[in-house]
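Asks:
Protein chains in written order, with our numbering: chain A, 445 to 557; chain B, 1390 to 1501.
Laid out in structure tokens, this is it:
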């Protein structure tokens, strides 16, 4: 079965520092990959998605992610953190042909002033 | 924002009572999903629908049933609520394969 592992349930960075949130997936075929963000007391909002086009995917709010098939990874980065980036981030994967997403356990990002 | 609403947004109920949560969409998307979110577990799929009257189980379907009699509405029923079903429930919709899912605002359910 498809699975997703997010390394680190909590990540803390200083404002202006690099943000790196890690996601690894298990799949025998190239999957569809997604990053979602959840602000307190809200639903999930799509940040970006990979669907077998360019391996470097740009999303909203300055985030991007790189698909690395050899490492089965889809890490999320942002060059300079802002206070408004404090939220929980979820990586999700879907096999081609499947209509279901499998979510990682989430990473809570804290930004220190 | 995708046109998804959930009702009620908050509910407190007693153990053993039936509870129905409603998801309503205005996007005419084919696929609809119910998830529950619990600390340390991310989002787990309860049931999903791939068309009117077409539904299937997710990974945590025990104790839940669903119905979809119209494209726009997807109902989740807890047949006899238990304290372990205290959670935040999210509905999501999707146009289909390869497409992202759009999430509703969530329903916070407390079973006492």
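Glycine residues also receive a C-beta, built at the ideal position from the N, C-alpha and C atoms.
Here's the rule I'm using: 16 or more other beta-carbon atoms within 10 Å means buried, otherwise exposed. How should residue 509 of chain A be labelled?
Replies: By the neighbour-count rule (16 or more Cβ atoms within 10 Å), residue 509 of chain A is buried.
Asks: Answer yes or no: do residue 548 of chain A and residue 467 of chain A have a C-beta to C-beta separation smaller than 8 angstroms?
Replies: Going by C-beta atoms, residue 548 of chain A is nearer than 8 angstroms to residue 467 of chain A.
Asks: By the criterion of Cβ-Cβ separation under 9 angstroms, what are the contact partners of residue 1439 of chain B in chain A?
Replies: 543, listed in chain order.
Asks: By how many angstroms is the C-alpha of residue 480 of chain A removed from the C-alpha of residue 535 of chain A?
Replies: Distance between the alpha carbons of residue 535 of chain A and residue 480 of chain A is about 6 angstroms.
Asks: Are the beta-carbon atoms belonging to residue 1493 of chain B and residue 1419 of chain B less than 8 angstroms from one another?
Replies: Cβ distance not < 8 angstroms, so residue 1493 of chain B and residue 1419 of chain B don't count as in contact.
Asks: Residue range of the beta strand (DSSP E) that residue 1413 of chain B falls in?
Replies: First-last of the beta strand (DSSP E) with residue 1413 of chain B: 1408-1414.
Asks: If you draw a straight line from the C-alpha of residue 1444 of chain B to the C-alpha of residue 1464 of chain B, how long is it?
Replies: Looking at the two C-alpha atoms, the distance is approximately 11 angstroms.
Asks: Please state whether DSSP places residue 1451 of chain B in a helix, a strand or coil.
Replies: Reduced to three states, the DSSP call for residue 1451 of chain B is coil.
Asks: Starting from the C-beta of residue 1454 of chain B, find all residues in its chain whose C-beta is less than 7 angstroms away, skip the five residues before and the five after it, and write them out in chain order.
Replies: Result list for residue 1454 of chain B: 1466, 1468, in chain order.
Asks: List the residues of chain A that residue 1478 of chain B touches, going by C-beta distances under 9 angstroms, in chain order.
Replies: None at all; the shortest Cβ gap to chain A is about 11 angstroms.
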